[in-house]
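Under the UniProt record's numbering, the first residue of the sequence shown carries the number 1, and numbering increases by one thereafter.
Quick reminder that beta carbons are idealized off the backbone N, C-alpha and C, glycines included.
Step one of this worksheet: look at the structure below.
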Amino acid sequence: MIIAVDGPAASGKGTIARALAKHFGLPHLDTGLLYRAVAARVLAEGLDPAREADVVAMCDFDEGLLASPDLRTDHVGKTASIVSAHPLVRAALLQRQRRFAQQEGGAVLDGRDIGTVIAPDADVKLFVKATPAIRARRRHEELRRHGIEVSYDRVLADIRARDDRDSRRSEAPLRQAADAAVLDTSFLSIEAAVQRAVALAEAQM
Ligand code: C5P
């Protein structure tokens with residue numbers, strides 16, 4: 001049983017993927033963390049995220065790094081979106097994700113290319129989306145809760161820039177798989193979105 005959850009930043013895909021994993025008793029991998037881990041190493045080493053060869057050398061990291069709270073910052077997220085556009089970086093992280101997806105008993109993975117590239121044969125595919133304005137509002141509130149003061153307009157501009165980069169790259173761009181069920185969370189509470197996700201998943205099983 002493989003469940004693929006894709007969608008743009010702050011769409012709610014992470015929350016939904018975790019809830020599905022809990023509901024169906026499956027292990028979960030937030031694949032964005034892999035790209036964030038590479039980005040954090042690039043930043044820590046003072047490397048240029050645009051230099052593919054330098055970035056590729058950062059792809060072999062210890063599992064423990066994925067638990068670091070430092071990976072959650074917007075700066076790391078933005079850098080992750082730059083490093084993730086390099087084909088060799090995506091290739092370096094591919095097997096790790098496929099192994100996780102194909103483990104016995106199944107798994108839930110969330111990201112941008114799970115239903116299209118990592119697990120095209122997934123049993124369940126969801127594409128989670130919400131309007132850029134609503135995603136920016138969620139992200140803005142989350143940052144403020146963490147004591148980070150930044151304007152809403154700045155957050156919205158960042159979200160748009162990230163969407164743009166993630167959907168325009170030539171290698172595994174963010175796009176809805178033809179056989180994915182779409183879940184628009186724009187006007188749903190977290191509880192309602194999770195309930196809908198469980199129903200859509202069960203319908204595909
Ligand atoms: O989902 P999250 O915001 O943590 O992802 C950070 C960045 O990693 C994304 O903007 C995207 O560029 C990249 N990513 C990707 N493929 C995935 C997951 C994340 O390219 N499967």
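Considering only the alpha carbon of each residue, which of V108, S11 and L43 lies closest to D30?
Residue 30 sits at position 30 when you count from the first residue of the sequence shown. In terms of CA proximity to D30, V108 leads the group V108, S11 and L43.
Near A21, what residues of its chain come up, given a Cβ to Cβ distance below 7 Å and the 5 sequence neighbours on each side ignored?
Start at 1 with the first residue of the sequence shown, and residue 21 comes out as number 21. Excluding sequence neighbours, A21 sits near P27, H28 and V108.
Evaluate contact between the stretch 124 to 136 and the stretch 57 to 64, counting only Cβ atoms and requiring at least three cross-stretch pairs below 8 Å.
No contact exists between the stretch 124 to 136 and the stretch 57 to 64.
Kindly indicate which residue of V155, V117 and I148 has the alpha-carbon position closest to the one of E171.
Counting from 1 along the sequence shown, the entry for residue 171 is found at position 171. Answer by Cα proximity: V117.
Given 8 Å as the limit, is there contact between the stretch 97 to 108 and the stretch 65 to 78, that is, 3 or more CB pairs closer than that?
Three or more beta-carbon pairs separated by less than 8 Å are not found between the stretch 97 to 108 and the stretch 65 to 78, which leaves the two stretches without contact.
Applying the 10 Å Cβ sphere with the 16-neighbour rule, what's the burial state of D6?
Position 6 of the sequence shown, counted from the start, is the residue given in the question as residue 6. Counting C-beta atoms within 10 angstroms of its own C-beta, D6 has 16 or more neighbours from the protein chains shown and is therefore classed as buried.
Span of the alpha helix (DSSP H) around D158
On the sequence shown, position 158 is the one that residue 158 refers to. Start and end: Y152 to R168.
Using DSSP bridges, identify the partner residues of F127.
Stepping through the sequence shown from its first residue, residue 127 is reached at position 127. Beta-bridge pairing by DSSP links F127 to D6 and V182.
Candidates A80, G32 and L188, of which the one nearest D48 by Cα:
Counted from its first residue, the sequence shown places residue 48 at position 48. Checked all of A80, G32 and L188; the closest Cα to D48 is A80.
Our contact map puts D111 next to G32 with C-beta atoms below 8 Å; I'd like the distance itself, whole angstroms only.
Within the sequence shown, numbered from 1, the residue matching residue 111 stands at position 111. Within the sequence shown, numbered from 1, the residue matching residue 32 stands at position 32. In the sequence as presented, Asp is not what sits at residue 111; that position holds Gly. Between the beta-carbon of G111 and that of G32 there is about 6 Å, and that keeps the pair under the 8 Å contact cut.
Pairwise C-alpha distance: I159 and K125:
Numbered from its first residue, the sequence shown carries residue 125 at position 125. Numbered from its first residue, the sequence shown carries residue 159 at position 159. For K125 and I159, the distance between alpha carbons rounds to 23 Å.
Please classify A39 as buried or exposed, where buried requires at least 16 neighbouring CB atoms within 10 angstroms.
Here the question's residue 39 lines up with position 39 in the sequence shown. Under this definition A39 is a buried residue.
Are V83 and V42 touching if we call contact CB-CB under 8 Å?
Counting from 1 along the sequence shown, the entry for residue 83 is found at position 83. Counting from 1 along the sequence shown, the entry for residue 42 is found at position 42. The beta carbons of V83 and V42 sit closer together than 8 Å.
Extent of the continuous alpha helix (DSSP H) to which V194 belongs:
On the sequence shown, residue 194 is found 194 positions in, with the first residue counted as 1. Unbroken alpha helix (DSSP H) run through V194: I190 to Q204.
Reference L93, options A37, E45, R154 and E141, closest by Cα:
For this step, residue 93 is matched to residue 93 along the sequence shown. The shortest CA-to-CA distance from L93 to any of A37, E45, R154 and E141 is the one to A37.
Euclidean distance between Cα positions of F24 and D121
Counting from 1 along the sequence shown, the entry for residue 24 is found at position 24. Counting from 1 along the sequence shown, the entry for residue 121 is found at position 121. Rounded to the nearest angstrom, the two C-alpha atoms are 18 Å apart.
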